[in-house]
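Undergrad:
Protein chains in written order, with this note's numbering: chain G, 8 to 122; chain W, 500 to 614.
#1: Check whether the segment 506–519 of chain W touches the segment 114–122 of chain G, counting contact only when three or more Cβ pairs, one atom from each stretch, lie closer than 8 Å.
#2: In three-state DSSP terms, what is residue 552 (chain W)?
#3: For residue 17 (chain G) and chain W, any beta-carbon pair shorter than 8 Å?
#4: Taking a cut of 9 Å between CB atoms, which residues from the segment 89–108 of chain G lie near chain W?
#5: Who does residue 6 (chain G) pair with in a DSSP beta bridge?
#6: At a CB distance below 9 Å, what residues from the segment 530–560 of chain W approach chain G? Give them in sequence order.
#7: Give a yes or no on whether the minimum CB-CB distance between residue 607 (chain W) and chain G is below 8 Å.
#8: Where residue 98 (chain G) and residue 501 (chain W) are concerned, what is the direct C-alpha to C-alpha distance, given to the nearest angstrom?
#9: Residue 570 (chain W): which of W:516, W:590, W:523 sits nearest, CA to CA?
#10: Would a check of beta-carbon distances place residue 610 (chain W) closer than 8 Å to chain G?
#11: According to DSSP, is residue 77 (chain G) helix, strand or coil?
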């Protein structure tokens with residue numbers, strides 16, 4: 008079975024620029040997650056979608072971050088404008104459902120460097 | 500209150516030894532406790548998980564011990580191998596409204612198994 012696909016793999020931008028990340032979850036998975044993983048820390052949930060509806064976005068900095076999941080499949084995460092502290096790996100994950108005990112399948116992430 | 504505290508930050512174990520990683524939580528609403536393993540350049544992958552009505556779960560060389568009264572759980576890796584060298588994250592699942600839930604990760608433990 009194909010895994011979670013993310014692109015680009017790496018991105019280097021200057022502060023105040025904008026950037027977008029793309030994620031294609033495992034086919035048939037209803038729930039899609041975006042996590043931010045800062046070097047040396049655990050992944051932090053930014054936003055969770057069930058199909059194309061938002062389940063939780065309480066930790067998404069909404070003044071600069073936005074995410075959408077069109078047609079309940081692919082998703083994009085955008086940062087505009089980027090700050091130095093946004094340097095991190097952005098992980099996309101998907102799961103079959105959205106309830107408890109779900110197994111999350113992660114992509115390899117997009118490593119963002121903001122200079 | 501949705502934090503999960505993990506220790507140690509790093510761990511060096513000789514081949515064949517036992518690796519032990521500990522996690523603690525405060526919120527008794529957490530109802531599922533998975534461990535994820537992450538290799539460099541990859542996303543985390545589910546290793547083993549436990550529900551709070553069970554005190555121990557074993558899968559091969561990996562065992563979770565769960566102490567509900569102390570609000571602590573730990574991962575034991577028996578007969579540690581160099582291939583186990585990775586970063587390990589404990590996590591806890593917090594129920595949201597309806598059937599949804601939210602996974603919170605610990606800060607990670609970098610394990611190195613030496614020959």
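For every residue, glycine included, the Cβ atom is placed at its ideal position computed from N, Cα and C.
TA: Once the coordinates are examined:
#1: no
#2: Translated into positions along the second chain, residue 552 (chain W) becomes position 53. In the structure shown, residue 552 (chain W) sits in coil (DSSP, three-state: anything other than H, G, I, E or B).
#3: Start at 1 with the first residue of the first chain, and residue 17 (chain G) comes out as number 10. For residue 17 (chain G), not one C-beta of chain W is nearer than 8 Å to its own C-beta.
#4: 96, 98, 99, 100, 104, 105, 106, 107, 108
#5: Past the boundaries of the shown model lies residue 6 (chain G); chain G is included only from 8 to 122, so the question cannot be answered.
#6: 530, 531, 533, 535, 537, 540, 541, 542, 543, 544, 545, 548, 550
#7: Within the second chain, numbered from 1, the residue matching residue 607 (chain W) stands at position 108. Yes - at least one Cβ of chain G is within 8 Å of the one on residue 607 (chain W).
#8: The count along the first chain starts at 1 and reaches residue 98 (chain G) at position 91. The count along the second chain starts at 1 and reaches residue 501 (chain W) at position 2. Residue 98 (chain G) and residue 501 (chain W) have their C-alpha atoms spaced approximately 20 Å apart.
#9: Here residue 570 (chain W) refers to the residue found at position 71 when the second chain is read from its first residue. Among W:516, W:590, W:523, the Cα nearest to that of residue 570 (chain W) is on W:523.
#10: One-based indexing of the second chain puts residue 610 (chain W) at position 111. Cβ-Cβ to chain G under 8 Å: no for residue 610 (chain W).
#11: Taking the first residue of the first chain as 1, we reach residue 77 (chain G) at position 70. Looking at residue 77 (chain G) - three-state DSSP - the assignment turns out to be helix.
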